[in-house]
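One structure below.
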Amino acid sequence: MGLITIHHFQSHHGFCRGPLRKRVDLVYQNLGNLSSSYYNVPNYTFVAPVIGFLAYDPNRSSASYGLIELHLLSDDPIIVRFPNISTHEDGNVTMKCVRFDVNGTLEFSNVTVKSSCIGRRQGHFSVVVPYQPNQAIRKNYWVMGIAAGVVGLVLLLVIGILAYRWIKGKRIKKMERSSERSEGLDTIWVGRSRMPFASGIRTQPAIENSYLP
9 MGLITIHHFQ
19 SHHGFCRGPL
29 RKRVDLVYQN
39 LGNLSSSYYN
49 VPNYTFVAPV
59 IGFLAYDPNR
69 SSASYGLIEL
79 HLLSDDPIIV
89 RFPNISTHED
99 GNVTMKCVRF
109 DVNGTLEFSN
119 VTVKSSCIGR
129 RQGHFSVVVP
139 YQPNQAIRKN
149 YWVMGIAAGV
159 VGLVLLLVIG
169 ILAYRWIKGK
179 RIKKMERSSE
189 RSEGLDTIWV
199 GRSRMPFASG
209 IRTQPAIENS
219 YLP
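Here this note's numbering is used: the first residue of the sequence shown is 9, the next is one more, and so on.
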């Protein structure tokens, strides 16, 4: 038997349907941008859509219509070729193939040449990379941190100046009250300055000798 292709799935020797059946329905799925809505790989990010193929037995009643397991006719695996894989910013990150089994388990494998994955059972497949925070987001965090630091320093400087002026004014008032208690001279305000003032008593003139020549 030659190469059998089902959309992005290829098998060199085909599949075995198991027990004898007159008909088997093969369903192909490409979840595209909705991949992360239906499937999740903890600590990983999708760089390719989730695609899959499943086999159903249409001869069963609607109540028991369900999946059937296909088996490979040889040791050659299924080749899964993805329509598009997003190029990751960090070239050092290793991409991984992941297969979602119908029972909910995950199976990881290495990406082969030409951005393909291999498998030996039906299911859903995709390509993932380890999750890393976006570089732009990390840069924004740095900018926000620096801005917050500058604002904090300015606030500390303003608070320091205000505290210095308040303490200085308090000391001046204390000195003024102390001087008022000790000084004998009166004081007057000239503008905003307080000046000492001596109240003068003028001596009244008096005739020392009433003799007139």
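Yeah, the Cβ is synthetic: ideal placement off N, Cα and C, and Gly gets one too. Please read all numbers here as calculations on a predicted model, not as lab measurements.
For the candidate residues Phe133, Lys181, Pro138 and Pro57, whose alpha-carbon lies nearest to that of Glu115? Residue numbering aside, residue 115 sits at position 107 when the sequence shown is read from its first letter. For Glu115, the nearest C-alpha among the options comes from Phe133.
Straight-line gap, Arg173 to Leu163 (C-alpha atoms, nearest Å): Along the sequence shown, read from residue 1 onward, the residue named residue 173 stands at position 165. Along the sequence shown, read from residue 1 onward, the residue named residue 163 stands at position 155. Whole-angstrom Cα-Cα distance: 16 Å.
For Arg107, is the classification buried or exposed, using 16 other Cβ atoms within 10 angstroms of its Cβ as the cut-off for buried? Mapped onto the sequence shown, residue 107 falls at position 99. Buried, by the Cβ-count rule.
Considering just the uninterrupted stretch of the beta strand (DSSP E) at Ser45, what are its terminal residues? Within the sequence shown, numbered from 1, the residue matching residue 45 stands at position 37. Run containing Ser45: none in the beta strand (DSSP E); it sits in the alpha helix (DSSP H), Ser43 to Tyr46.
Counting C-beta neighbours from all protein chains within 10 Å, is the total for Gln140 16 or more, i.e. buried, or is it exposed? To locate residue 140, count along the sequence shown from 1; it is residue 132. Classification of Gln140: exposed, given that the 10 Å Cβ count is below 16.
Near Ser201, what residues of its chain come up, given a Cβ to Cβ distance below 8 Å and the 5 sequence neighbours on each side ignored? By one-based count along the sequence shown, residue 201 stands at place 193. So the list is empty, once near-sequence residues are dropped.
According to DSSP, what are the bridge partners of Lys104? Residue 104 sits at position 96 when you count from the first residue of the sequence shown. Paired residues: Asn118 and Val136.
Three-state secondary structure assigned by DSSP to Ile180: Residue numbering aside, residue 180 sits at position 172 when the sequence shown is read from its first letter. Ile180: helix per DSSP, three-state reduction.
Can Ile87 be considered in contact with the ligand MG, in the sense that its beta carbon sits closer than 7 Å to one or more heavy atoms? No copy of the ligand MG occurs in the structure displayed, which carries no ligand at all.
Given a threshold of 16 other Cβ atoms within 10 Å of its Cβ, counted over all protein chains shown, does Pro57 qualify as buried or as exposed? Working through the sequence shown from its first residue, we reach residue 57 at position 49. Under this definition Pro57 is a buried residue.
By the 10 Å Cβ neighbour count, where 16 or more other Cβ atoms means buried, how is Val35 classified, buried or exposed? As a working mapping, residue 35 is identified with position 27 in the sequence shown. So Val35 counts as exposed.
Could you tell me the alpha carbon to alpha carbon distance between Val136 and Ile169, rounded to whole angstroms? Here residue 136 corresponds to residue number 128 of the sequence shown, with the count starting at 1. Here residue 169 corresponds to residue number 161 of the sequence shown, with the count starting at 1. Answer to the nearest angstrom: the Cα atoms are 56 Å apart.
Within this structure, are the beta carbons of Ser124 and Ile87 separated by less than 8 Å? Stepping through the sequence shown from its first residue, residue 124 is reached at position 116. Stepping through the sequence shown from its first residue, residue 87 is reached at position 79. Contact flag set, yes.
Residues of its chain near Ile76, where Cβ-Cβ distance is below 6 Å and the 5 sequence neighbours each way are ignored: On the sequence shown, residue 76 is found 68 positions in, with the first residue counted as 1. Excluding sequence neighbours, Ile76 sits near Ala63 and Asp65.
Just the Cα atoms here: how many angstroms apart are Gln37 and Ser43? Mapped onto the sequence shown, residue 37 falls at position 29. Mapped onto the sequence shown, residue 43 falls at position 35. The alpha-carbon atoms of Gln37 and Ser43 are separated by roughly 11 Å.
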